[in-house]
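Remarks on the structure that follows.
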Amino acid sequence: MKETSVKRNYTRYSDQDKVRFFKLLFERCLSAAAAANQLGIHVRTAQKWAAQYEKDPDSIFQKRRKTGRPRILHEEHKSVILECIDENPSVVLDEVIKKLKQIFTELKVSKSTLFDFVKEHCNLSLKKARLQPIDRNSEEKIQERLDWIHKWEKTDIGFTRNCVFL
9 MKETSVKRNY
19 TRYSDQDKVR
29 FFKLLFERCL
39 SAAAAANQLG
49 IHVRTAQKWA
59 AQYEKDPDSI
69 FQKRRKTGRP
79 RILHEEHKSV
89 ILECIDENPS
99 VVLDEVIKKL
109 KQIFTELKVS
119 KSTLFDFVKE
129 HCNLSLKKAR
139 LQPIDRNSEE
149 KIQERLDWIH
159 KWEKTDIGFT
169 RNCVFL
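Each number in the working numbering comes from the position in the sequence shown (counting from 1) with 8 added on.
This is the structure in structure tokens:
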């Protein structure tokens, strides 16, 4: 019977951690292991950084390409989306998709993908418009609400003392 392997926790080190490591490595002339121990970096990681630096010093700070599916929407799409929303703040996602497909004919994007993109990359929150009755804030309605509050205050019902809400 095969036992399940324990999943490892990987530590992501920032560029600042790497700079500190190389500062100790070159300025204090420490070994990779000694510099790693001082900074709390895993020894094998530090040794790999040192070996990689010897091969190609510029490659240490290069970010690796992200794995996974490539993005459907990019900066040019973002500018069209923001322009569309600026023109009509009450626009719905279906209309934004139509506008995108007019400009980018090959684009195939779902409503949920567009919603996520607008939320994450455009920093906009889309809300459904709710219609309110005109007389909602009329003087009569406000007075009616105030009278209702006064009526309930005169009763012996104390919502914090003797009411159970289910």
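Backbone N, C-alpha and C define an ideal beta-carbon position, used for all residues, glycine too. Treat the numbers as computed from the prediction; the structure is a model and nothing was measured.
Is there contact here, the segment 85-103 with the segment 121-141, by at least three beta-carbon pairs under 8 Å? yes
Mind checking if Ser98 is an interface residue toward chain B, Cβ cutoff 8 Å exclusive? Looking at the structure shown, chain B is missing, and only one protein chain is on hand.
Is it true that the segment 47-65 meets the segment 28-35, where meeting means three or more beta-carbon pairs spaced less than 8 Å apart? yes
Tell me, to the nearest whole angstrom, how far the beta carbon of Leu115 is from that of Leu108; I am working on the premise that it is less than 8 Å. 6 Å
For Lys15, name the three-state secondary structure that DSSP assigns. coil
For Val104, count the other beta carbons within 10 Å of its own beta carbon; 16 or more makes it buried, fewer makes it exposed. Which is it? buried
Distance between Cys130 and Glu161 (C-alpha atoms, nearest Å): 47 Å
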